[in-house]
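Asker:
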């Protein structure tokens with residue numbers, strides 16, 4: 234499975250972030266604290282329905298905002314459009330190709346990721 238596009242809205246320190254991936258290897262380069270790891274964590278969120286770094290969902294929402302959204306387009310034998318929306322005090326909502334998952338566990342295993350940290 235390959236990632237084709239990723240967009241973040243009020244996710245951690247990103248007010249808005251949009252990226253379309255090219256074929257091959259992608260490198261994110263920047264100063265400390267600009268959100269490079271948060272981009273990788275957003276991909277992990279779409280894969281595993283939780284953040285790698287934070288178990289408290291509402292803390293993923295950018296400071297002062299009411300919700301966050303992470304959207305991704307993935308492709309294997311077909312294209313999958315995923316959207317995760319997080320709001321304080323509410324259950325996370327994950328949609329695949331516009332259809333809302335009733336149980337998030339039904340999604341686990343669709344997108345496999347490896348996350349290596351120091």
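Residue numbers (my numbering): 234 to 351.
Built from N, CA and C at the ideal position, the CB exists for glycine as well.
(1) For residue 279, which option in 349, 268, 329 has the closest C-alpha, if you only look at C-alpha atoms?
(2) Could you check how far apart the C-beta atoms of residue 251 and residue 294 are, in whole angstroms? I think they sit under 8 Å.
(3) Near residue 302, which residues of its chain fall below 6 Å by C-beta distance, leaving aside the five closest residues on each side in sequence?
(4) Could you pull out every residue in the same chain whose Cβ sits closer than 7 Å to the Cβ of residue 300, ignoring the five residues on either side in sequence?
(5) Look at the Cβ atom of residue 276, then the Cβ atom of residue 346, and state whether they are nearer than 9 Å.
(6) Using 9 Å as the threshold, is the C-beta distance between residue 235 and residue 254 below it?
(7) Tell me whether residue 315 is buried or exposed, calling it buried when 16 or more other Cβ atoms sit within 10 Å of its Cβ.
Answerer: According to the data block:
(1) Of the candidates 349, 268, 329, the one whose C-alpha sits nearest the C-alpha of residue 279 is 329.
(2) Your pair residue 251 and residue 294 does not check out as a contact, with CB atoms roughly 18 Å apart and the cut at 8 Å.
(3) Answer for residue 302: 242, 318, listed in chain order.
(4) Hits under 7 Å: 243, 294, 318, 319, 320.
(5) Against a cut-off of 9 Å, the Cβ pair of residue 346 and residue 276 comes out as a contact.
(6) Here residue 235 is near residue 254, since their CB atoms are less than 9 Å apart.
(7) Residue 315 comes out buried.
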